[in-house]
Amino acid sequence: MNNEYRVRPLPLYLLTLVGLAICIVSSYGYSIQHIPVSESFGLFGMLPVGFWIGIGVMTLSLVIGAFTASERVFFIQAMAVFVTLWGSTALFQTYPAVWDSYMHYNSSFEIVSTGFIPDDPDYSYAYNYPGFFAFAATFSTIADPNVIEFLRFYPVFAAAFTLVAIYLFIRTYVPATGYRVAFLVAAFVNVWLQFNFSPQSVGLAIGLLIFVCLERQGTVWKGTAVALFAFLTVSHPTTVLFVLSAVVVKEILSRIYHRVKTTAPPANGHWPAALFLIIWILWSLVGAAEFTLNLTQFVLGQVQYLGFMDQAVQNQYEMRTGTENIFGTLYPQIRTFTILLFGLLTLIGLLIYVFNRKKISIPKHILPLLFIPALAIPLDALFFNGQIYDRGILYLMLVAPLFFIPTLLRKKKITAALTTILVAGIVVSCASTMFYQQSLYTSSAESIAASDYLSEEVPQTYVIGGYYPYKDWGDGESYQRLQFSATYPTTVLEMASSSGSGSYLFDDTTELWYKQWGIEDRYDFYLNQEIMNSKVYDNGRYQVMFVRGT
Numbered sequence: 002m003n004n005e006y007r008v009r010p011l012p013l014y015l016l017t018l019v020g021l022a023i024c025i026v027s028s029y030g031y032s033i034q035h036i037p038v039s040e041s042f043g044l045f046g047m048l049p050v051g052f053w054i055g056i057g058v059m060t061l062s063l064v065i066g067a068f069t070a071s072e073r074v075f076f077i078q079a080m081a082v083f084v085t086l087w088g089s090t091a092l093f094q095t096y097p098a099v100w101d102s103y104m105h106y107n108s109s110f111e112i113v114s115t116g117f118i119p120d121d122p123d124y125s126y127a128y129n130y131p132g133f134f135a136f137a138a139t140f141s142t143i144a145d146p147n148v149i150e151f152l153r154f155y156p157v158f159a160a161a162f163t164l165v166a167i168y169l170f171i172r173t174y175v176p177a178t179g180y181r182v183a184f185l186v187a188a189f190v191n192v193w194l195q196f197n198f199s200p201q202s203v204g205l206a207i208g209l210l211i212f213v214c215l216e217r218q219g220t221v222w223k224g225t226a227v228a229l230f231a232f233l234t235v236s237h238p239t240t241v242l243f244v245l246s247a248v249v250v251k252e253i254l255s256r257i258y259h260r261v262k263t264t265a266p267p268a269n270g271h272w273p274a275a276l277f278l279i280i281w282i283l284w285s286l287v288g289a290a291e292f293t294l295n296l297t298q299f300v301l302g303q304v305q306y307l308g309f310m311d312q313a314v315q316n317q318y319e320m321r322t323g324t325e326n327i328f329g330t331l332y333p334q335i336r337t338f339t340i341l342l343f344g345l346l347t348l349i350g351l352l353i354y355v356f357n358r359k360k361i362s363i364p365k366h367i368l369p370l371l372f373i374p375a376l377a378i379p380l381d382a383l384f385f386n387g388q389i390y391d392r393g394i395l396y397l398m399l400v401a402p403l404f405f406i407p408t409l410l411r412k413k414k415i416t417a418a419l420t421t422i423l424v425a426g427i428v429v430s431c432a433s434t435m436f437y438q439q440s441l442y443t444s445s446a447e448s449i450a451a452s453d454y455l456s457e458e459v460p461q462t463y464v465i466g467g468y469y470p471y472k473d474w475g476d477g478e479s480y481q482r483l484q485f486s487a488t489y490p491t492t493v494l495e496m497a498s499s500s501g502s503g504s505y506l507f508d509d510t511t512e513l514w515y516k517q518w519g520i521e522d523r524y525d526f527y528l529n530q531e532i533m534n535s536k537v538y539d540n541g542r543y544q545v546m547f548v549r550g551t
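Counting from 2, one number per residue, gives the positions in the sequence shown under our numbering.
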């Protein structure tokens with residue numbers, strides 16, 4: 002047995018299995034459907050002590066394995082802890098945890114039902130970027146899963162797939178010294194990951210695998226990278242922008258460097274940046290022409306506000322971390338401080354490299370993945386009102402450890418030990434905020450019942466308001482969905498006069514969202530009109546008001 006691995010695999014496997022079993026057994030009898038805003042740490046605050054004992058046992062096994070086990074054992078241990086944490090929604094919540102899961106599956110449901118995606122505003126995302134939805138529709142046709150159970154347990158698969166990609170990515174760019182610490186930090190600090198049924202649940206993993214393939218030699222690997230990029234292009238435009246930008250910038254800088262420094266050794270294979278650009282441009286102009294046109298017009302309209310970027314960033318920061326946040330200031334501030342500390346550690350790591358270039362190496366090929374997200378975050382605050390900023394933070398926090406963990410671990414033992422302890426504390430505190438906003442996403446038996454009622458008992462015209470599941474089972478739904486924010490300030494009677502009879506849905510979750518956005522007055526505007534019209538349904542949490550056309 003190799004001296005590097007001083008503990009045999011069997012005891013570590015048994016310890017991990019015992020911890021996992023404790024977590025699973027602790028979930029028996031639990032059916033969490035409502036999470037109060039006041040609950041500390043959101044979903045995590047409602048989990049039983051037994052679950053945390055199980056996590057503690059698995060974490061103990063992982064810590065031992067990180068320093069003594071083989072690579073395979075270490076990865077399986079990390080997988081068990083990671084998937085159990087992110088899969089806690091599947092263990093303890095009766096219904097799929099995130100509203101978007103139902104919405105995205107509805108596009109796949111439409112493909113299964115009709116054979117195509119209609120060119121309709123409700124399906125504009127899937128119509129312009131059908132890759133993920135077509136793949137899901139194929140699976141749905143072959144497997145015919147129970148929709149609720151499939152969406153409920155989908156995060157387990159997505160989390161496992163993503164962790165595999167993160168591991169391969171870290172192993173590609175980090176040398177043997179420090180790769181395990183860098184992997185654990187990158188994986189567990191990233192509370193911005195999203196594993197609900199959606200294109201972005203696999204977008205990051207595919208993006209990382211593209212870089213893994215590009216770093217390997219041979220036509221097959223390059224061809225695989227191109228195939229993955231093509232699928233990503235027709236599936237998730239946000240991830241494509243980060244991946245494509247990093248590849249193009251890397252190639253440009255590499256070519257400039259070799260032209261300026263002619264004595265430098267030749268580049269070890271070029272990345273197919275030009276081909277990636279061609280694929281992206283062709284799809285943007287042909288496959289997603291409508292989306293590209295609308296996006297271009299929107300961005301051009303926002304260019305005039307470039308001078309107000311600092312104010313836009315400040316507004317986004319205050320909205321997420323200020324006292325008006327319905328979840329308080331603690332959790333968003335923990336995340337903010339984590340980002341700042343990682344930025345500081347990365348800067349220290351880069352400075353150490355600058356002064357010790359002959360002794361230390363860094364993964365230069367992915368330097369663009371460190372700086373492009375840092376530039377994209379403020380631009381997103383200006384152009385898209387912070388809708389995709391989390392994608393930038395995700396890449397930033399994933400790549401940053403690659404630049405400071407190996408570097409700092411090469412220092413004296415005391416420095417390496419202090420760095421490990423400091424980073425471990427940061428990761429644990431940040432990971433505790435994983436589900437602090439879960440009150441905004443939890444679905445329940447009442448929300449399922451409301452979906453059934455609206456699709457079966459009222460005219461299939463329009464439903465305004467409400468956060469509730471798309472009916473992805475049975476015969477589906479055929480009415481138009483609108484939000485209060487989209488129809489405000491049109492009154493109920495004005496809407497009935499112009500669009501005929503329709504329904505309005507009121508519920509606690511919608512009210513929470515409007516409070517979080519700071520536009521609660523729009524929710525109240527319609528709620529105050531309820532007394533003047535007919536309430537036709539009330540299950541305790543969801544109320545439906547029906548208004549006849551005039």
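Note that CB positions come from ideal geometry on N, CA and C, so glycine has one too.
Distance between residue j and residue i (C-alpha atoms, nearest Å)
| i | j | result |
| --- | --- | --- |
| Tyr155 | Phe198 | 6 Å |
| Asn326 | Val38 | 11 Å |
| Pro10 | Ile54 | 22 Å |
| Val50 | Lys516 | 32 Å |
| Gly20 | Phe45 | 17 Å |
| Leu229 | Ile56 | 34 Å |
| Gly344 | Glu40 | 30 Å |
| Leu16 | Val58 | 7 Å |
| Gly550 | Met496 | 8 Å |
| Phe68 | Leu169 | 19 Å |
| Asn3 | Ala70 | Per-residue confidence for Asn3 stands at a pLDDT of 45, beneath the threshold of 50, marking its modelled position as unreliable; the derived number appears in the next sentence. Whole-angstrom Cα-Cα distance: 10 Å. |
| Leu342 | Leu92 | 33 Å |
| Leu441 | Trp514 | 7 Å |
| Val221 | Phe133 | 23 Å |
| Gly503 | Thr115 | 26 Å |
| Ala274 | Ala160 | 29 Å |
| Leu233 | Lys365 | 24 Å |
| Leu294 | Leu423 | 47 Å |
| Ala98 | Ile36 | 11 Å |
| Tyr130 | Phe83 | 29 Å |
| Tyr106 | Ala137 | 8 Å |
| Pro460 | Lys536 | 15 Å |
From the options, residue whose alpha carbon lies closest to that of residue i
| i | options | result |
| --- | --- | --- |
| Ser498 | Gln544, Val548, Ser246, Thr339 | Val548 |
| Phe507 | Val249, Trp100, Tyr469 | Tyr469 |
| Ile149 | Trp474, Gly501, Asp509 | Trp474 |
| Gly541 | Ser448, Phe526, Leu342 | Ser448 |
| Leu346 | Tyr126, Ala183, Leu331 | Ala183 |
| Val249 | Val235, Trp281, Phe232 | Trp281 |
| Lys472 | Ile520, Thr220, Ser444 | Ser444 |
| Gln195 | Val221, Ser535, Ile422, Trp87 | Trp87 |
| Tyr96 | Val261, Phe140, Ser108, Asn147 | Asn147 |
| Pro176 | Thr337, Pro407, Leu18, Ser89 | Pro407 |
| Gly477 | Ser452, Ile253, Val464, Val261 | Ser452 |
| Asp525 | Asp509, Arg260, Asp539 | Asp509 |
| Ile12 | Ala22, Val74, Phe42, Gly30 | According to the sequence as given, residue 12 is Pro; it is not Ile. When only C-alpha atoms are compared, the closest one is Val74. |
Element boundaries [alpha helix (DSSP H), containing residue i]
| i | result |
| --- | --- |
| Met496 | 493-500 |
| Leu399 | 390-410 |
| Leu483 | Careful: Leu483 lies outside any alpha helix (DSSP H), inside the beta strand (DSSP E) at 481-483. |
| Phe277 | 274-283 |
| Phe212 | 201-215 |
| Phe356 | 331-356 |
| Tyr543 | No alpha helix (DSSP H) contains Tyr543, which is instead part of the beta strand (DSSP E) from 543-548. |
| Ile427 | 414-432 |
| Glu252 | 238-261 |
| Asp525 | 521-528 |
| Pro10 | 10-27 |
| Ile449 | 446-457 |
The beta strand (DSSP E) enclosing residue i, as first and last residue numbers
| i | result |
| --- | --- |
| Ser504 | 503-508 |
| Val464 | 463-465 |
| Tyr538 | 535-539 |
| Phe230 | Segment 220-234 is the alpha helix (DSSP H) holding Phe230; no beta strand (DSSP E) there. |
Checklist entry - Does the stretch 56-64 come close enough to the stretch 396-409 that 3 or more CB-CB pairs lie under 8 Å? => result no
Checklist entry - Taking the runs of the alpha helix (DSSP H) that are 4 residues or longer, which of them lie wholly in the stretch 125-193? => result Listed in chain order, the alpha helix (DSSP H) runs fully inside the stretch 125-193 are 125-129, 132-144, 148-174, 180-189, counting runs of at least 4 residues.
Checklist entry - Counting Cβ pairs closer than 8 Å, one from the stretch 202-212 and one from the stretch 227-242, do we hit at least three? => result yes
Checklist entry - Could you give the uninterrupted runs of the alpha helix (DSSP H) lying entirely in the stretch 51-107, keeping only those of 4 residues or more? => result 72-87, 89-93
Checklist entry - Would the stretch 79-90 and the stretch 184-195 be scored as touching if the rule is three or more Cβ pairs under 8 Å? => result yes
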